[in-house]
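Trainee:
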Amino acid sequence: MSSNETHLIPAEVNGGPAAVRTGGEPVMSVWTAPPAETRPVGIGPYLHSFRRHWFLCTALGLIAAAIAGVATWFGYGYRYEAAAYLRVSMRQEQILPNTRAYVDLINEYEVFKNTQQQLVRSRFVLNNALKNPEVRALQLEKRERDPVGWLAEELIVRYPGRAEIMEVAMRSRNGKEAATLVQAVVDAYLQDIVNVESRQRRERLNDLDRVFNEKEGEVRQVRTALKALAEDLGTSDRETITLKQQIAMQQYAEYQRQLMQAQFELRRTKGELDAQVALLEAVNDQEISDYEIDSLARNDPVARDLQTELAWRRMDMAYIDSHTAENQKARYASKYKTDFDSLRSQLAEVYDSIREGLKAMRRSEITKEIQKLEAQFAGLVEFEKRLANEVEVKRQEAERLSTSSIDLEMMRNQITQLENTLKQVHEERERLRVEQRAAPRVTPLQGAEEPKDEYMPSIRYLLVTLASLAAFCLPVGLVIWGDSRVRKINSVEEVSQQLAGRAPLIGALPIVPGRVLRRLGGPTGGKQSAWAERLTAAVDSVAARVMRVAASDNVRVVLTTSAAGGEGSTTTATQLAASLARNGRRTVLIDGNLRRPVLHRLFGVEDAPGVCEWLRGEASLDQIARETEADGLTVIPAGRLDRQSLAALAKGSIGELFAQLRNDYEMIVIDGAAVLPVADTRLISQHVDMVILAVFRDVSQSPKVQSACEILDAFGARRLETVVMAPAGER
C-alpha cells in the first residue's frame, strides 16, 4: 500500500477495569469523587440532558400523561352544586337612632359574618341537620365513617360579592342529595341558632330586669347604712371627719408620750428602791474605815480624854525607859503597862460604840430613803394606770374615726359603682326591649333546589389538562435531573473552558456510527466515504498539532488515555498513529491497556509476545513488534499480564522500552487504560512526552475528567492535551 493511500483503522473503545490486584503490585486504583464544585447555572445543562434522552423523556411523559388524563377524567365525574341563600343584615333594624361610628359598624359586621359562617358549619348545627328525616333516608352513616366531619368538609359557606347575602352550598355527583343536605343545614341553623338567639335575648331581658331590681335594693341598703354612719360621726363631711381624726391622733400621741415617760420614771424609781434595799441589807456587813471612826472620836469627849491619857502614858513610859536605872525599869514599866492596856481597852470599847452608832445612823437614813421611794413608786404606778386607760380610750377613738371614715368612703364608692352598674343595666335593658320589636338580622331568602346542570364543566377539562401536563413533566424532570447530576460533557466549548489552563484542547474527532466504523477499513463509497473524509480530516488536524509540537519540543512518545473506560481513547490512539504514518512518520502503536488489550484484535495480530513479555524479559523488541498493512505503522500488543509484569511496570521498566523504541521510530503512540480505575496509565505517564486525554461528549463526566487531569499532574505528566469525541460539525 502506498504512503499516499488513505488507510483507516476500525477502533474499539476501552473496556472496564480488570481484576483487583492480589499482590503488592499497583494493579488497581479506586477513584474517589473530587470535592463538590459549583454546578453550572442556567438552563443549558438541562437542555443538553433532554437532548441526550429526548426519546425516553417523550415516551415516558406521553405514557404518564395519558394515564393521568384518563384517571382524572373518569375520577372527577360530574358534579352538581345546590345552594341556599340567607340575608345577613349589616345592622339590626333600628327603631331608635343609631349614634355609633360607621367604622365600628363595619368591624362589628365582619365579626358577625364570620361568626355566622362558623356557626353554620358547627358540629351542633350539622348534627341536628343529620337528624332530619330526609337526610336520614340518605343513609350517610353507611357511606361515611364520620358523617359530621364529611359534611363539614363538603359544605361551602361564603358571602358572594361581599354582599349582605350568605350562600350555603354543596357540590356532589347527586344533585338531589346535595339540595337535601343544604336545606337541612339551613333549617337547622335557623332553628337552632337564629331562633334560639331570639329566645336568648328574651331570657336576657328577664335576667336584666331581675338584676336591675337587685341592684336598686343594694343601693337603698348602702344609702341607709351611710346615713346611720354619718349620724354616728356627727357629720358626713369628708373634711370634718378628717380634722376629727387628726385631733384624735394627736391626743393619742400625746397620751402615749406621757405614758412612756411615766413608765420610764417608774422603772427608774424601782431601780433606786431596789438599790436602797440592797444597801440596807449590806449595812451590817460593811466595813467602817478607821478614818471615819477617828473623825467621830475627835468629837467624842470620852474618846478624846482616853486618847489624852494614853498619850501621857506613852510619854511616861518613854521617860522611865530613858531616865530610870535598869534595875528599876521592870518595876515601873509593869505598873505603867497595866494602866496603858486598861486605857487602850477602854478606848477600843468607845470605838466599838462609835462604830455601832454610825451603822445605826446609816440604817436610819437608808430606811427613810426607802420609805420615800416606795411612796413615789406607788404614785407612779397609779399614774401609769390612769395614763394607760387614757391611751386606750384615745386609741379606740382614733381607730373608730379611721374605720368609720374608710367605711364612709367605701360606701360612697360602692354607691357610685352600683349606680353606674344600674345605669348600664338600665341602658342594656332598654336596648334589648327595642331590639325585641325589630326584625332579626338573619332571614332566609331562597331555599335549596335540585340543580339541573353540571357545575362549571370547564373545571373538569382544566383538571384533566393540568394532570396530564404534570404527569408528562414528572418523568421528564426526573430523567433530566438524574442525568444532570452526573455532569456529563455537553460540548467541545465546555471542555475548552473547563480545561483551558490544565489540558488545552488540540482537536475534536467526529463520532462515527458503529456500523460505519466497522467498515472503514474496506472499500469506501457513498455515506461511508463521507464519514471517512470527516474522520481523516479531523485526525490529520490533531496529528498536525502533535507533529508541530514534536518538532518544537522534541515530543516523540504520546500516551492516549481517558478518565473512564469507553470514552474514545483507543479510537484516538489508532487513528492518530495511522495519521502519523500517512504523513511519513515511522510510528509504533503500543497497547498500554495491559488488563483488557484490544489492539491485537483490531489489527489481526497475535496477542503475545507483547509488552508484558518484554517487561518480564521473555521477549526482545524484535519479537514483540508486528508490522501492519499501513505503511510505516508498527503495532506492539499488550501480551499476557501477570504479577511479575505489573511489578516491572511499577519499577519503571517501561521507560527502557520507550528508550529503545526512540532509536527505531520517529513517533511512539501508546493506547493507555483509563486513568481512574487502575494505576497502570499513571505509571506509564511518567515516561512519555505528551498525554492526550480523550473526552467523549455525552459520555464523559466533568468531575471525573478534572480528577484525571489532577492525577496525571500529580504523577508528573510533562504535557497534557485534550481531544474531544463530538458529532461532526461541532467545534
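Each residue of the sequence shown is one higher than the one before, counting from 108 in the working numbering. In this text, a Cβ means the ideal position worked out from N, Cα and C, and glycines have one as well.
On the DSSP bridge list, what partners appear for residue 733?
Mentor: Stepping through the sequence shown from its first residue, residue 733 is reached at position 626. Answer is 742, bridged to residue 733.
Trainee: What's the gap between the Cα of residue 349 and the Cα of residue 355?
Mentor: By 1-based counting over the sequence shown, the position of residue 349 is 242. By 1-based counting over the sequence shown, the position of residue 355 is 248. Their Cα atoms are separated by approximately 10 Å.
Trainee: Measuring alpha carbon to alpha carbon, tell me which residue in 556, 644, 540 is nearest residue 283.
Mentor: Translated into positions along the sequence shown, residue 283 becomes position 176. Residue 283 has its Cα closest to that of 556, out of 556, 644, 540.
Trainee: Suppose you measure from the CA of residue 741 to the CA of residue 688; what does that come to, to the nearest Å?
Mentor: By 1-based counting over the sequence shown, the position of residue 741 is 634. By 1-based counting over the sequence shown, the position of residue 688 is 581. Approximately 9 Å between the Cα atoms of the pair.
Trainee: Assign residue 422 to buried or exposed, taking buried as 16 or more other Cβ atoms, counted over all protein chains shown, within 10 Å of its Cβ.
Mentor: Residue mapping note: residue 422 aligns to position 315 of the sequence shown, counting from 1. Per the 10 Å Cβ criterion, exposed.
Trainee: Taking 8 Å as the cut-off, does the stretch 261–281 touch the stretch 185–197 (at least 3 CB pairs, one atom from each stretch)?
Mentor: Verdict: yes, contact present.
Trainee: Note the first and the last residue of the continuous beta strand (DSSP E) segment covering residue 833.
Mentor: Here residue 833 refers to the residue found at position 726 when the sequence shown is read from its first residue. Counting along the chain, the beta strand (DSSP E) containing residue 833 begins and ends at 827–833.
Trainee: Per DSSP, residue 278 forms a beta bridge with which residues?
Mentor: By 1-based counting over the sequence shown, the position of residue 278 is 171. In the DSSP output, where bridge partners are listed per residue, residue 278 has 188.
Trainee: Check whether the stretch 677–691 and the stretch 724–731 are in contact - that is, three or more C-beta pairs closer than 8 Å.
Mentor: no
Trainee: Sort 264, 830, 489, 367 by Cα distance to residue 653 and report the nearest one.
Mentor: Here the question's residue 653 lines up with position 546 in the sequence shown. In terms of CA proximity to residue 653, 830 leads the group 264, 830, 489, 367.
Trainee: Please work out which residues of its chain come closer than 6 Å, Cβ to Cβ, to residue 291, disregarding the five sequence neighbours upstream and downstream, and give them in chain order.
Mentor: Taking the first residue of the sequence shown as 1, we reach residue 291 at position 184. If we look at residue 291 and ignore the five residues flanking it on each side, its Cβ neighbours are 236, 239, 242.
Trainee: At which residues does the alpha helix (DSSP H) containing residue 596 begin and terminate?
Mentor: As a first step, residue 596 must be located in the sequence shown, where it is residue number 489. Careful: residue 596 lies outside any alpha helix (DSSP H) and carries neither H nor E.
Trainee: Counting only the same chain and skipping the five closest in sequence on each side, list residues whose C-beta sits under 8 Å from that of residue 818.
Mentor: Mapped onto the sequence shown, residue 818 falls at position 711. Excluding residues within five positions, the ones whose Cβ falls inside 8 Å are 782, 783, 789.
Trainee: List in chain order: all unbroken beta strand (DSSP E) runs of 3+ residues lying wholly within the stretch 768–820.
Mentor: 774–779, 797–803
Trainee: Among the residues of its own chain, which have a CB less than 7 Å from the CB of residue 590, if the five just before and after it don't count?
Mentor: In the sequence shown, counting from the first residue as 1, residue 590 sits at position 483. Correct list, in chain order: 156, 159, 160.
Trainee: Going by DSSP in three states, residue 150 sits in which element: helix, strand or coil?
Mentor: Within the sequence shown, residue 150 is the residue found at index 43, counting from 1. Residue 150: coil per DSSP, three-state reduction.
Trainee: Taking only three categories from DSSP, how would you classify residue 116?
Mentor: The sequence position of residue 116 within the sequence shown is 9, counting from 1. Residue confidence for residue 116 is low, a pLDDT of 46 falling below 50, so the modelled location carries little weight; the figure read from the coordinates is stated next. Reduced to three states, the DSSP call for residue 116 is coil.
Trainee: Can you round the beta-carbon distance between residue 578 and residue 174 to whole angstroms, since I take them to be within the 8 Å contact cut?
Mentor: Position 471 of the sequence shown holds residue 578. Position 67 of the sequence shown holds residue 174. Residue 578 to residue 174, Cβ: 7 Å. Contact.
Trainee: If we ignore side chains and look at the alpha-carbon of each, how far apart do residue 701 and residue 722 end up?
Mentor: Within the sequence shown, the letter at position 594 stands for residue 701. Within the sequence shown, the letter at position 615 stands for residue 722. Approximately 11 Å between the Cα atoms of the pair.
Trainee: Bridge partners of residue 615, per DSSP?
Mentor: Working through the sequence shown from its first residue, we reach residue 615 at position 508. Its beta-bridge partners are 831.
Trainee: Let's see if you can read the secondary structure: which residues bound the beta strand (DSSP E) around residue 264?
Mentor: Here residue 264 is taken as the residue at index 157 of the sequence shown, counted from 1. Where residue 264 is concerned, the enclosing beta strand (DSSP E) stretches over 262–265.
Trainee: Consult DSSP for residue 293 and reduce its assignment to one of helix, strand or coil.
Mentor: Against the sequence shown, residue 293 aligns to sequence position 186. The answer is helix: DSSP assigns residue 293 an H, G or I state.
Trainee: Starting from the Cα of residue 811, find the closest Cα among 593, 195, 706 and give me that residue.
Mentor: Here residue 811 refers to the residue found at position 704 of the sequence shown. Closest by alpha carbon: 593.
Trainee: Rounded to a whole number of angstroms, what is the C-alpha to C-alpha distance between residue 312 and residue 211?
Mentor: The residue given as residue 312 occupies position 205 in the sequence shown. The residue given as residue 211 occupies position 104 in the sequence shown. Near 24 Å, if we compare the C-alpha coordinates of residue 211 and residue 312.
Trainee: Closest to residue 217 by CA distance: which of 232, 231, 198, 229 is it?
Mentor: Stepping through the sequence shown from its first residue, residue 217 is reached at position 110. Nearest of 232, 231, 198, 229 to residue 217, Cα basis: 198.
Trainee: Just to confirm, is the Cβ distance from residue 841 to residue 501 under 9 Å?
Mentor: Residue numbering for the chain in the displayed model covers 108 to 838; residue 841 lies beyond these limits and cannot be assessed.
Trainee: Using 10 angstroms around the beta-carbon of residue 376, count the other beta-carbons present and answer buried if the total reaches 16, otherwise exposed.
Mentor: Numbered from 1 along the sequence shown, position 269 holds the residue referred to as residue 376. Under this definition residue 376 is a buried residue.
Trainee: Specify, as a first and last residue, the run of the beta strand (DSSP E) that residue 669 falls within.
Mentor: Walking along the sequence shown from the start, residue 669 turns up at place 562. Segment 664–669, the beta strand (DSSP E) holding residue 669.
Trainee: Once the 5 residues before and after residue 710 are set aside, which same chain residues still bring their CB inside 6 Å of it?
Mentor: Along the sequence shown, one-based indexing puts residue 710 at 603. If we look at residue 710 and ignore the five residues flanking it on each side, its Cβ neighbours are 735, 742.
Trainee: Report the rounded CA-to-CA distance for residue 481 versus residue 443, giving the unit in angstroms.
Mentor: Against the sequence shown, residue 481 aligns to sequence position 374. Against the sequence shown, residue 443 aligns to sequence position 336. Answer to the nearest angstrom: the Cα atoms are 57 Å apart.
Trainee: Considering only the beta carbon of each residue, do residue 614 and residue 803 sit closer than 9 Å?
Mentor: In the sequence shown, counting from the first residue as 1, residue 614 sits at position 507. In the sequence shown, counting from the first residue as 1, residue 803 sits at position 696. Taking 9 Å as the Cβ cut-off, residue 614 and residue 803 do not qualify as a contacting pair.
Trainee: To which residues does DSSP link residue 169 through a beta bridge?
Mentor: Numbered from its first residue, the sequence shown carries residue 169 at position 62. Note: residue 169 sits in no beta bridge, so no partner.
Trainee: Any chance the stretch 302–317 sits against the stretch 217–234, with 3 or more Cβ pairs inside 8 Å?
Mentor: no
Trainee: Determine contact between the stretch 297–308 and the stretch 485–494, defined as no fewer than three beta-carbon pairs at a distance below 8 Å.
Mentor: Under the three-pair Cβ rule at 8 Å, the stretch 297–308 does not count as touching the stretch 485–494.
Trainee: On the criterion of 16 or more Cβ atoms from any shown chain inside 10 Å, does residue 428 qualify as buried, or is it exposed?
Mentor: As a working note, residue 428 is residue 321 in the sequence shown. Looking at its Cβ environment, which holds fewer than 16 other Cβ atoms inside 10 Å, residue 428 is exposed.
Trainee: What three-state label does DSSP hand residue 699 in the structure shown?
Mentor: Here the question's residue 699 lines up with position 592 in the sequence shown. The DSSP-derived three-state label of residue 699 is strand.
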